[in-house]
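Everything on this sheet refers to the single structure shown next.
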Amino acid sequence: MDVQQDAAQSAGAGGTGAESDADVAGAADLAAESSDAKGVTDVGVAPSMRAEAPPSSAESIEIETATAAASATTLPAPTRGLSLGQTRPAGASADRGAPLKVEVVNANLRFVEEPVLVGHYRGSVLAGAEAVLDWLLGSAMSTSIRLGRYPQELKAQQIFVNAPVDRTNPLRDVPRPKGVVVAGLGDEGHLRVSGLATAVRLGVIAWAQHLAEAARTLDGTPPPPPFELAATLIGSGGTGMTPGLAARSVAEGVYEANRLLKAAGWPQVEQLSLVELFLDRATEAWRSLQLLSKTSPGCYEVRGYVRGGPGALLRPLDSSYRGADFDLFTASTQIDEDGGASIVYTLDTRRARTEVRAVAAQGRLLQELVSVASSNTGNDDSIGRTLFKLLVPVEMRPFLDGASEMQLELDAGTAGIPWELLDSRRDADSAGGDHKPWAIRAKLLRKLRTQEFRRQVDETGRRAPILLIGDPSSDDPRYPLLPGARREVREVAALLQGSLGNTRGVTALVGATDTERGPDARQIVVRLLDNDWSVVHIAGHGQPAMDRAAAAAVAANRAVAAAAAARGGGAFVGGAGAMNGAAFNGGANAAAGAALNGANGGGQGAGPYGSYGPYGPYSPYGGYGLQATPETASRAGGVVLSNGTFLGADEFAKMQRVPELVFINCCYLARSDPGSLLNAEPPPSIHRPYFAASVADALIRIGVRCVVAAGWAVDDDAASKFATSFYRALLDGRRFVDAVAVAREAAWTPANNTWAAYQCYGDPDWCLHERTGPDESQADEHAQRDDDAALAADYACIASSHGLLIALEQIQTELRVNSADVAASVRRLRFLHRNYATTPPYWGRMGAVAEAFATAWKEAGSLEQAVEFYRQALAANDCTATMYAAEQLIRSQVRLALQRVRTASASGSAALLQPAVDAARKLLCAALASLAQLVAMFPTMDRLSLCGAVSKRLAMIERHAGCRDAEVAAIAQAMGHYQAAEAAGVASDNGDVYYVRINRCAAELVSHLAAAQAGDYAADWTRIVDALPERVSAEPDFWSRAARSEVWIFQCVAERTLALNSALIALDLMQLQRRLPAAAYWMSVYDHCDFVLSEYARRAEPPEADAARSLLANLEAWAAPVPVGGA
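Each residue of the sequence shown is one higher than the one before, counting from 1 in the UniProt record's numbering.
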């Protein structure tokens, strides 16, 4: 381990990110391995707004990753390659160059201008930062992942350029962000810091190459200058990578890229900005970077503080951050020096992130329980409870029991455990109101950890046809007809054909009746390989693969086994003993002993598909041993076909394009032998683990995205319910994980364990249909999560008023920056108020909490609720409400008064208008008096500007009342307040003075319009544009973006060209509203524009007046509050 990593972990940055020696050694020569990239870098050109650009604008081109020049240059080894006691290579200091400037920014990604580097764990759904960036790029990223062109593997990367196709506003700068670089991270839990640094390095090189090639297209253009780059804390949303490790690895990857880019003559990164939404994670990253700069002097120049930005949050509501929607639970095998087996557990949830090593129970005891649990279709729930207590560490049980969506990552040693059967209840009567098994409640989904897999997977896509195979023909009398399997396939075919119609072909190879001969091997194999299938569903007999040595051992002991069977009173040998003895103990004596044991304890198992159950007469573990010979038994295994052939992994591997979903409803195919449990390495007599030879495992290895396979014999009716419910859920647009949960629940009965026989592996977010818009299944999930039970689970972690404040702050930020679903936010607000504010412990009586509720209601556009809670906050006895709450109360009261006057004026009733005007005048005059007292003591730009806002709205109220003189006086009063506010802002060097200047110019413009006078505003417009934060590299927010649109509108009004530009202005505003839809923002913009445009429409010619009214109508619709009722 290198110096920096050891120091970082000792300083508390650690977690589970320790590197292996191989990782460190591989990282020592990153420059030499830079050519290990995929060979091409995908570059997608995306529109910055989807509203104007069709999906075709997200075109994709390929450019060669040219790193030869850099690789040919001898460079000093990266700092990461230094191990303890090793000195820095000679010449490193001389070739180092300027230090990399690094800063940590606590902000929302929506306001980032620089190109953004993000990571992507293997999966089909974009979450977290990727989802935000995809939205900003007009869904170009999600379109790419849907088309199968998206970086999934480590060292793969793709560029999305935010093309400025929507530059309708001449005052706007380049799109934000300029582009996105996506670096593939592979599977979650497998990422190491060395791999992350390599992924970052290659991503930076890809963007630099894009800049260099773009510059070469222009003759005589000088080389592109150094560029600034933003990045997230890549990988830290998954297990094994803390924010500190992620920050350090990203910085090192960028630094290493700069060294290569310098040698190649390509532009380098001048400044790296690590953007993180939560302050606690940003602080951890900053501390790690501080340590990195000290251990690598001269290499990094880290800003001395975490810079704040718009949309930032303090910390996640839960105790642990997780980027995915599901919890990850890893159970892998470990063998100690004495040969003792244990399971290494890793748990990563929003509630906890921990790693526990627990020694498993006795191997023989575990094998016995697994054998009993899967021996028949009955359901002994006591075994499930015993397995749960035997396998799951005590400290992990509460987190597993409380999970609502979990993915279980297993290896060959743990995959044979029937995790689906585990029961988290303490006893049969302690279900806590929910009697469903743990696997159903937790939506358990498996994931196989394997080192062998197909590197390049060519998938068929989700519009390819579907193949269904039912009860293939077999000439072997040991495999009887399976009426249940045929019935299942017919039902699934009818369901799919009825729903899909002619949109996708559905082919069913199944006998017409229960007694007719089924499809033979030739028919099945020819049809399977003759087309590309998106889904393959097979129901029939299954046989596990056997090693030749195991088959020979079984055949050599036929006589002994037959005699044992006769003495035991049964015609066939029980399966488990024979298989364990022959295949895993490897000798004739062992086989004989196992056969005797199986006969004495075995017997004929009744299976729903006939007698092909795990211990029945046709069991490959039992009866097969009596008739097998070395000539007929081989490594082959899979679905039993005619003429002694099988449909197995080899046949699926021959498919040029692999299916996305394979459903194998055969009782043995997903079954690992009980003897392989907790064995880190296979027994000598078998060349690879038994599970690795099974079809389910092999399908995963060749790249099938989702696999469903039965682990033991299944009941006919329950199997049919599982299959039909599974496909019906997929047809409804549900995700794979949701469809599995629905199917298990449909098949579950307390007296039957068929529901647990299905081992389901794959991508939780995979869907049968392509997503052409928002994920309908996720929308359904979000809708379901809004009921009280789901909200109670979401907010169960609130244990104090501080937790409630964090929850309210998240809702505020969501409304202000992210969410267009105000109704959902309002439901959450109501839930929090009902359960935490008005009931014990009555936290709503605290001033700070009431103020937080008020701010959230204000952001939701509900001024009445905001006013109510601001009053409650200021009246609280604990006096924890801020002075800002008093100012916001005035602002909200004034806006609410103007809203009521507008409503009364629109009604056309003087009886309604006059009382509203009188009440508004009284309220606004009192507000001005209160503000005057506050300003006299503490004059600030914001308070003086608030005085101008109150006077401006008073003028608008007088306009509705028809009092022209009072309106003109109020306009003059507003001008005076804004002038004073502008002077105060200039004197204090306030960066937001530009917006006060806009308000002052608007008041002057209205004054000139009212007096029919012309004014010269060119100098003011120039000063405003130059002062905007986007021009001075300050933090852009809604107001700086809206200011450009407002200045454009006011310029057109002053020049009488509004009609000429109204279409472009409307489009520009629509783009901004789509990006930042918060009603509270647009209320302010609407009031501001109404102040000017209503006066202009009253005096301008019809085309200009119509344009003004049209713009106001759009703004009024965006500013309209959502009806929320009472809190």
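Idealized CB from N, CA, C, for every residue including glycine. Predicted model, so just to flag it, every value in this text is computed and none were measured.
Inter-residue spacing [alpha-carbon to alpha-carbon] between residue i and residue j
| i | j | result |
| --- | --- | --- |
| M846 | C797 | 20 Å |
| Y758 | A799 | 39 Å |
| D327 | W1039 | 38 Å |
| G962 | G908 | 13 Å |
| D791 | R828 | A small correction: the amino acid at residue 791 is Leu; Asp does not occupy that position in the sequence shown. Looking at the two C-alpha atoms, the distance is approximately 7 Å. |
| G762 | L445 | 7 Å |
| A972 | Y870 | 30 Å |
| R895 | L863 | 8 Å |
| R315 | F278 | 5 Å |
| P683 | S249 | Bear in mind that a pLDDT of 36 at P683, under 50, signals an unreliable position, so the number given afterwards is only what the model happens to contain. Between P683 and S249, the C-alpha separation is close to 39 Å. |
| L528 | V536 | 9 Å |
| Q865 | Q810 | 18 Å |
| A783 | Q543 | Any answer about A783 is weak, because its pLDDT of 45 lies below 50 and its placement is not dependable; what the coordinates show is given next. If I take the Cα positions, the gap works out to 44 Å. |
| G416 | W766 | 24 Å |
| L1069 | S1045 | 7 Å |
| L1115 | T232 | 34 Å |
| P764 | M406 | 9 Å |
Residue burial classification, residue i (beta-carbon count within 10 angstroms, cutoff 16)
| i | result |
| --- | --- |
| S951 | buried |
| R192 | buried |
| S892 | buried |
| T143 | buried |
| H802 | exposed |
| S236 | buried |
| D965 | exposed |
| K443 | buried |
| N502 | exposed |
| E337 | exposed |
| L365 | exposed |
| T239 | buried |
| C1001 | buried |
| Q872 | buried |
Where residue i sits in the DSSP three-state scheme
| i | result |
| --- | --- |
| L467 | strand |
| K101 | strand |
| V536 | strand |
| Q157 | strand |
| A860 | coil |
| N108 | coil |
| Y995 | helix |
| R307 | strand |
| G1015 | coil |
| K654 | coil |
| S642 | coil |
| F938 | coil |
| H435 | coil |
| F869 | helix |
| Y758 | strand |
| C963 | coil |
Beta-carbon separation (whole angstroms), residue i vs residue j, contact threshold 8 Å
| i | j | result |
| --- | --- | --- |
| G470 | E491 | G470 to E491, Cβ: 10 Å. No contact. |
| A247 | A285 | 4 Å |
| G733 | H769 | 6 Å |
| D423 | R385 | 4 Å |
| P472 | I524 | 6 Å |
Chain C within 9 Å of residue i, Cβ atoms only
| i | result |
| --- | --- |
| V1085 | Note that chain C does not occur in the displayed structure, where there is just one protein chain. |
*Assess, as a yes-or-no matter, whether the segment 198-212 is touched by the segment 255-270 under the definition of 3 or more beta carbon pairs within less than 8 Å.*
yes
*asked:* Taking 8 Å as the cut-off, does the segment 175-195 touch the segment 147-167 (at least 3 CB pairs, one atom from each stretch)?
replied: yes
*Between the segment 142-153 and the segment 407-418, do at least 3 Cβ pairs fall closer than 8 Å?*
no
_For the structure I just gave you, are there three or more beta carbon pairs, one from the segment 930-941 and one from the segment 910-920, closer than 8 Å?_
no
_Under 8 Å, with one C-beta from each stretch per pair, do the segment 1014-1027 and the segment 975-984 reach the 3-pair mark?_
no
*asked:* Check whether the segment 837-846 and the segment 855-862 are in contact - that is, three or more C-beta pairs closer than 8 Å.
replied: no
_Could you check whether the segment 736-748 touches the segment 497-513, counting it as contact only if at least three pairs of C-beta atoms, one from each stretch, sit closer than 8 Å?_
no
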